[in-house]
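A short worksheet on the structure shown next.
Protein chains: 2
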Amino acid sequence: MRRIKLVVAYDGSTYSGWQIQPNAVTIEAVLDAAIYELTKEKIHVTGASRTDAGVHAMGNVAVFDTESTIPGSRWAYALNRYLPEDVVVQQSWEVAPDFHPRHCNTQKTYEYRILNTELPIPQLRQYTWNVSHPLDVARMQEAAQALVGEHDFKSFCCVRTQAESTIRTIYAVDVIKDEQSQIITIRIRGNGFLYNMVRIIAGTLMQVGRGKTTKQDIEEMLRKQNREVAGQTAPPQGLTLMHIDYVDNDDAEWQKCE
Amino acid sequence: MRRIKLVVAYDGSTYSGWQIQPNAVTIEAVLDAAIYELTKEKIHVTGASRTDAGVHAMGNVAVFDTESTIPGSRWAYALNRYLPEDVVVQQSWEVAPDFHPRHCNTQKTYEYRILNTELPIPQLRQYTWNVSHPLDVARMQEAAQALVGEHDFKSFCCVRTQAESTIRTIYAVDVIKDEQSQIITIRIRGNGFLYNMVRIIAGTLMQVGRGKTTKQDIEEMLRKQNREVAGQTAPPQGLTLMHIDYVDNDDAEWQKCE
Chain A
70 MRRIKLVVAY DGSTYSGWQI QPNAVTIEAV LDAAIYELTK EKIHVTGASR
120 TDAGVHAMGN VAVFDTESTI PGSRWAYALN RYLPEDVVVQ QSWEVAPDFH
170 PRHCNTQKTY EYRILNTELP IPQLRQYTWN VSHPLDVARM QEAAQALVGE
220 HDFKSFCCVR TQAESTIRTI YAVDVIKDEQ SQIITIRIRG NGFLYNMVRI
270 IAGTLMQVGR GKTTKQDIEE MLRKQNREVA GQTAPPQGLT LMHIDYVDND
320 DAEWQKCE
Chain B
70 MRRIKLVVAY DGSTYSGWQI QPNAVTIEAV LDAAIYELTK EKIHVTGASR
120 TDAGVHAMGN VAVFDTESTI PGSRWAYALN RYLPEDVVVQ QSWEVAPDFH
170 PRHCNTQKTY EYRILNTELP IPQLRQYTWN VSHPLDVARM QEAAQALVGE
220 HDFKSFCCVR TQAESTIRTI YAVDVIKDEQ SQIITIRIRG NGFLYNMVRI
270 IAGTLMQVGR GKTTKQDIEE MLRKQNREVA GQTAPPQGLT LMHIDYVDND
320 DAEWQKCE
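Chains as they are written, first to last, in the numbering used here: chain A, 70 to 327; chain B, 70 to 327.
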């Protein structure tokens with residue numbers, strides 16, 4: 070039995086998120102189905118991040134055990150032949166038999182994209198949140214720095230969370246505007262994110278960009294530990310899980326997992 | 070009776086192109102339907118560029134005559150309420166009663182996008198042509214300059230063309246790579262384009278990028294005036310009609326039309 074790690078990119082537009090559920094098409098289900106087509110093994114992949122419906126990924130991570138002798142690096146090509154065109158395995162390799170994608174010391178990077186134009190652009194409707202009110206990007210960038218560091222993010226977490234602790238560390242947040250496309254990207258890197266956390270941060274920073282919320286308000290939101298004080302949850306299609314980095318980018322360090 | 074000009078953006082992914090045809094959903098048909106919903110007038114819009122199935126636009130132009138008293142600038146907002154989310158009118162205004170979007174002295178700008186990565190990226194599958202072989206962008210940019218100027222583009226035109234003349238002028242071609250996204254954009258501006266011309270140019274420049282075709286080869290292709298000597302027709306989804314500029318960007322100059 071060998072454990073295989075996949076880096077998976079997908080367009081989440083037509084999926085009911087990552088996690089398998091009855092009567093819904095999910096990323097996990099199509100990966101399981103592709104593995105079955107290839108090997109006839111009935112297995113479930115374990116994902117690093119259970120993204121919501123409509124959320125995209127450039128590099129989510131999935132892990133599974135197999136009896137197949139297909140070399141680790143060949144799984145990407147082999148599975149892509151059985152996957153729909155909106156799910157593409159970008160890389161694959163064999164990992165230690167107790168490597169777990171969620172229990173390890175990881176850094177996750179997300180990007181949330183806002184299209185700041187008066188009217189929507191059709192080609193971007195499934196990949197951005199269209200905000201027609203002009204946003205002050207410098208103000209958003211400055212206020213976002215209040216989120217950096219170790220904080221209790223309870224105010225920035227869906228009340229339906231099952232997380233035992235709501236303390237997380239954000240290493241960096243950057244808000245950058247591309248003037249040509251009018252896309253504002255909120256790029257955020259941390260050791261983990263609570264349910265809806267990036268989308269609530271994006272909704273709150275949007276209010277900052279409109280001049281309705283300040284950096285001091287965000288500091289106050291963190292202190293209050295109450296979902297009702299933070300901003301709206303931005304819609305899912307603006308969110309992309311960019312990549313997940315395991316400690317030192319080196320799978321050999323999986324032993325550090327809790 | 071007043072003549073209204075629309076600037077229309079659309080995601081062509083699910084459409085059978087611009088032009089109305091039986092048993093197919095086209096951009097022209099949904100615009101006609103939205104005007105009917107709004108005014109109950111049964112009219113056909115006239116488009117500046119009859120884009121193919123799968124081709125996108127940021128700024129195609131449509132014109133129609135109406136008895137409605139809706140002010141020119143309000144049509145964009147009024148029609149968007151009746152249009153599907155993959156077609157958005159970006160601007161509207163009243164023009165002279167004999168303004169015609171195809172007969173005027175225009176400059177059209179197209180962009181063709183190649184995603185130059187080993188594996189496709191799902192979110193870009195409907196907006197780029199994925200070419201996995203590494204392409205030499207400097208070589209493409211240099212060879213593309215052979216196309217600039219007034220030429221007979223018969224070699225770069227689908228044999229099914231109905232154009233009376235295959236002579237066109239290209240004002241500029243630029244091939245630019247964005248290193249972060251690995252997208253190569255071929256940006257081309259001219260006074261008009263033959264059927265499939267931009268896609269054949271893109272397919273030919275791809276061969277240049279692979280080292281199979283030279284600038285001298287392109288000069289030779291232009292001389293031979295034979296479709297068989299130019300490169301393949303690149304797939305439609307990489308193509309976007311960016312904008313159409315009328316003489317001096319001033320509708321008052323419509324009188325110069327032939």
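A virtual CB, placed ideally from N, CA and C, is assigned to each residue, including glycine.
Measuring CA to CA, which of B:254, B:284, B:236 is closest to residue 271 (chain B)?
-> Position 202 of the second sequence holds residue 271 (chain B). The candidate whose alpha carbon is nearest that of residue 271 (chain B) is B:254.
Going by CA-CA distance only, name the one from B:70, B:115, B:72 that's closest to residue 87 (chain B).
-> As a first step, residue 87 (chain B) is located in the second sequence; it is residue number 18 there, counting from the start. Among B:70, B:115, B:72, the Cα nearest to that of residue 87 (chain B) is on B:115.
If you draw a straight line from the C-alpha of residue 81 (chain A) to the C-alpha of residue 286 (chain B), how long is it?
-> Along the first sequence, read from residue 1 onward, the residue named residue 81 (chain A) stands at position 12. Along the second sequence, read from residue 1 onward, the residue named residue 286 (chain B) stands at position 217. Rounded to the nearest angstrom, the two C-alpha atoms are 43 Å apart.
Can you give me the Cβ contacts of residue 89 (chain A) inside the same chain, cut-off strictly under 8 Å, excluding the 5 residues immediately before and after it?
-> By one-based count along the first sequence, residue 89 (chain A) stands at place 20. Around residue 89 (chain A): 95, 97, 98, 101, 113.
In chain order, what residues of the same chain have a beta carbon less than 7 Å from the beta carbon of residue 107 (chain B), not counting five sequence neighbours either side?
-> Here the question's residue 107 (chain B) lines up with position 38 in the second sequence. 147, 148, 151, listed in sequence order.
Own chain, CB closer than 7 Å to residue 195 (chain A), minus 5 neighbours either side, in chain order = If you number the first sequence from 1, residue 195 (chain A) lands on position 126. Once the five neighbours on either side are set aside, the close Cβ partners of residue 195 (chain A) are 82, 306.
Is any beta-carbon of chain A found at less than 9 Å from that of residue 304 (chain B)?
-> Along the second sequence, one-based indexing puts residue 304 (chain B) at 235. Look at residue 304 (chain B): its C-beta is not under 9 Å from any C-beta on chain A.
Run through DSSP, which three-state label would residue 110 (chain A) get?
-> Locating residue 110 (chain A) in the first sequence gives position 41, where the first residue counts as 1. Of the three classes helix, strand and coil, the one that applies to residue 110 (chain A) here is coil, per DSSP.
Going along chain A in order, which residues have a C-beta closer than 7 Å to the C-beta of residue 159 (chain B)?
-> Along the second sequence, one-based indexing puts residue 159 (chain B) at 90. 188, listed in chain order.
Counting only beta-carbon atoms, is residue 78 (chain B) nearer than 9 Å to chain A?
-> The sequence position of residue 78 (chain B) within the second sequence is 9, counting from 1. Answer yes: the Cβ-Cβ gap between residue 78 (chain B) and chain A drops below 9 Å somewhere.
Please say whether residue 279 (chain A) and residue 223 (chain A) have beta carbons closer to each other than 9 Å?
-> By 1-based counting over the first sequence, the position of residue 223 (chain A) is 154. By 1-based counting over the first sequence, the position of residue 279 (chain A) is 210. Taking the C-beta atoms as reference points, residue 279 (chain A) is found no nearer than 9 Å to residue 223 (chain A).
Indicate whether at least one CB of chain B lies closer than 9 Å to the CB of residue 314 (chain A).
-> Taking the first residue of the first sequence as position 1, residue 314 (chain A) is located at position 245. Judged by the 9 Å Cβ criterion, residue 314 (chain A) is not in contact with chain B.
Mind pulling the chain B residues with CB within less than 7 Å of residue 258 (chain A)?
-> Taking the first residue of the first sequence as position 1, residue 258 (chain A) is located at position 189. Result: empty, since nearest Cβ-Cβ is about 16 Å, beyond 7 Å.
Rounded C-alpha distance that separates residue 291 (chain A) from residue 298 (chain A) | Indexing the first sequence from 1 puts residue 291 (chain A) at position 222. Indexing the first sequence from 1 puts residue 298 (chain A) at position 229. Whole-angstrom Cα-Cα distance: 9 Å.
Beta carbon proximity, residue 311 (chain A) to chain B, threshold 9 Å = The count along the first sequence starts at 1 and reaches residue 311 (chain A) at position 242. Judged by the 9 Å Cβ criterion, residue 311 (chain A) is not in contact with chain B.
Kindly indicate if chain B contains any beta-carbon less than 9 Å away from that of residue 156 (chain A).
-> Working through the first sequence from its first residue, we reach residue 156 (chain A) at position 87. Against chain B, the CB of residue 156 (chain A) has a partner CB under 9 Å away; the residue lies at that interface.
CB contact below 9 Å: residue 140 (chain B) versus chain A = As a position in the second sequence, residue 140 (chain B) is number 71, starting the count at 1. Chain A contact via Cβ: absent.
Cα-Cα, which of A:241, A:243, A:247, A:129 is closest to residue 313 (chain A)?
-> Position 244 of the first sequence, counted from the first residue, corresponds to residue 313 (chain A). If we check each option's Cα against that of residue 313 (chain A), A:129 comes out closest.
When you check each C-beta in the stretch 168-183 of chain A against every C-beta of chain B, which residues fall closer than 8 Å?
-> Correct list: empty, as no residue qualifies.
With DSSP as the reference, label residue 262 (chain B) as helix, strand or coil.
-> Taking the first residue of the second sequence as 1, we reach residue 262 (chain B) at position 193. Residue state, collapsed to three classes: coil.
Could you check the C-alpha separation between residue 127 (chain B) and residue 192 (chain A) for me, to the nearest Å?
-> Residue mapping note: residue 127 (chain B) aligns to position 58 of the second sequence, counting from 1. Residue mapping note: residue 192 (chain A) aligns to position 123 of the first sequence, counting from 1. Residue 127 (chain B) and residue 192 (chain A): Cα-Cα distance of roughly 9 Å.
Can you name the start and end residues of the beta strand (DSSP E) that residue 240 (chain A) belongs to?
-> Position 171 of the first sequence, counting from 1, holds the residue named residue 240 (chain A). From DSSP, the beta strand (DSSP E) with residue 240 (chain A) extends over 236-247.
Residue 177 (chain B) and residue 300 (chain B): beta carbons closer than 9 Å?
-> One-based indexing of the second sequence puts residue 177 (chain B) at position 108. One-based indexing of the second sequence puts residue 300 (chain B) at position 231. Contact flag unset, no.
For residue 117 (chain B), decide whether its Cβ has a neighbour in chain A, counting only Cβ atoms nearer than 9 Å.
-> For the purposes of this step, residue 117 (chain B) is taken as residue 48 along the second sequence, with counting starting at 1. Chain A, which has no Cβ nearer than 9 Å to the Cβ of residue 117 (chain B), makes this no.
Counted within 10 angstroms of its Cβ, other Cβ atoms place residue 265 (chain B) as buried (16 or more) or exposed = As a position in the second sequence, residue 265 (chain B) is number 196, starting the count at 1. It is buried - the Cβ of residue 265 (chain B) has at least 16 other Cβ atoms within 10 Å.
When we look at the beta-carbon of residue 207 (chain B) and count the other beta-carbons within 10 Å, is it buried (16 or more) or exposed?
-> As a first step, residue 207 (chain B) must be located in the second sequence, where it is residue number 138. The residue in question, residue 207 (chain B), is exposed, as its Cβ has fewer than 16 Cβ neighbours within 10 Å.
How would you list, in chain order, the residues of chain A whose beta-carbon sits under 8 Å from the beta-carbon of residue 196 (chain B)?
-> As a first step, residue 196 (chain B) is located in the second sequence; it is residue number 127 there, counting from the start. What residue 196 (chain B) touches in chain A: 192.
Is the shortest distance between the beta-carbon of residue 125 (chain A) and the beta-carbons of chain B less than 9 Å?
-> Mapped onto the first sequence, residue 125 (chain A) falls at position 56. Put simply, the CB of residue 125 (chain A) is near chain B, with a gap under 9 Å to one of its CB atoms.
Just confirm the distance between the C-beta atoms of residue 212 (chain B) and residue 283 (chain B), as a whole number of angstroms; I'd bet it's less than 8 Å.
-> Start at 1 with the first residue of the second sequence, and residue 212 (chain B) comes out as number 143. Start at 1 with the first residue of the second sequence, and residue 283 (chain B) comes out as number 214. 6 Å between Cβ atoms; contact.
8 Å contact criterion, which residue 78 (chain A) and residue 181 (chain A) should meet: CB distance rounded | Walking along the first sequence from the start, residue 78 (chain A) turns up at place 9. Walking along the first sequence from the start, residue 181 (chain A) turns up at place 112. Rounded to whole angstroms, the Cβ separation of residue 78 (chain A) and residue 181 (chain A) is 17 Å, and the two are not in contact under 8 Å.
Can you have a look at residue 93 (chain A) and say buried or exposed, based on whether 16 or more other CB atoms are within 10 angstroms of its CB?
-> Your numbering for residue 93 (chain A) matches position 24 in the first sequence. Burial call: exposed.
Under a CB-based cut-off of 9 Å, is residue 131 (chain A) close to chain B?
-> Indexing the first sequence from 1 puts residue 131 (chain A) at position 62. It does not: the Cβ of residue 131 (chain A) has no partner Cβ on chain B nearer than 9 Å.
Going by DSSP, which residues form a beta bridge with residue 158 (chain B)?
-> On the second sequence, position 89 is the one that residue 158 (chain B) refers to. Checking the DSSP bridge columns, you'll see residue 158 (chain B) partnered with B:77.
Below 6 Å CB to CB, which residues in the same chain sit around residue 209 (chain A) once its five sequence neighbours on both sides are set aside?
-> One-based indexing of the first sequence puts residue 209 (chain A) at position 140. The residues are 244, 274, 277, 278.
Closer than 9 Å, CB to CB, is residue 149 (chain B) near chain A or not?
-> Within the second sequence, numbered from 1, the residue matching residue 149 (chain B) stands at position 80. At least one chain A Cβ lies under 9 Å of residue 149 (chain B).
Assign residue 323 (chain B) to one of two classes, buried (16 or more other C-beta atoms within 10 Å of its C-beta) or exposed (fewer than that).
-> Looking up residue 323 (chain B) in the second sequence gives position 254. Note that residue 323 (chain B) scores a pLDDT of 41, beneath 50, so its modelled location is shaky; the value from the coordinates is reported in the next line. Buried, since its Cβ has 16 or more Cβ neighbours within 10 Å.
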